[in-house]
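**Q** Numbering (the UniProt record's numbering), first residue to last: 1 to 124. Glycine included, each C-beta is placed from N, C-alpha and C at the ideal position. Below is one structure. I have some questions about it.
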């Protein structure tokens with residue numbers, strides 16, 4: 001399903017044709033806010049931004065939580081067990097659709113998307 005919330009600056013509110021399977025528009029997100037099978041994860045650059053404002057019902061996910069601190073190559077993704085532990089700690093269930101967004105033009109949300117898809121979370 002959908003993964004990264006798209007704030008289209010063009011004002012159309014529609015998602016680009018080439019990204020229909022990955023992006024959702026703000027209207028779709030607004031309709032899903034109360035849906036328990038959909039989780040909003042704010043992958044912004046710091047929790048300070050989350051504290052200043054976020055989509056109602058969203059949970060903060062630091063991209064650093066998806067990185068393996070023990071890997072000698074900086075920035076490598078966490079292990080499957082590590083990612084599973086992080087998601088469990090956030091109350092994310094495997095069958096939920098995850099909507100990711102951030103405060104940096106979705107760069108961090110895209111990285112989180114890649115990690116979650118790599119570890120087979122189907123609905124991102």
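Does the distance from the CB of residue 39 to the CB of residue 77 come in under 9 Å?
**A** No, the pair does not count as a contact, with Cβ atoms beyond the cut-off.
**Q** Cutting at 6 Å between CB atoms, please list the residues of its own chain near residue 61, excluding the five before and the five after it.
**A** 41 and 43.
**Q** How about residue 56 and residue 83: are their beta carbons less than 9 Å apart?
**A** No, these two residues do not count as a Cβ contact at 9 Å.
**Q** Under DSSP, the beta strand (DSSP E) around residue 39 begins and ends at which residues?
**A** 38-42 is the extent of the beta strand (DSSP E) around residue 39.
**Q** Looking only at C-alpha atoms, which of 122, 24 and 63 sits nearest to residue 47?
**A** For residue 47, the nearest C-alpha among the options comes from 63.
**Q** Would DSSP call residue 1 helix, strand or coil?
**A** The predicted position of residue 1 is uncertain, since its pLDDT is 36 and thus under 50; no value can be drawn from it.
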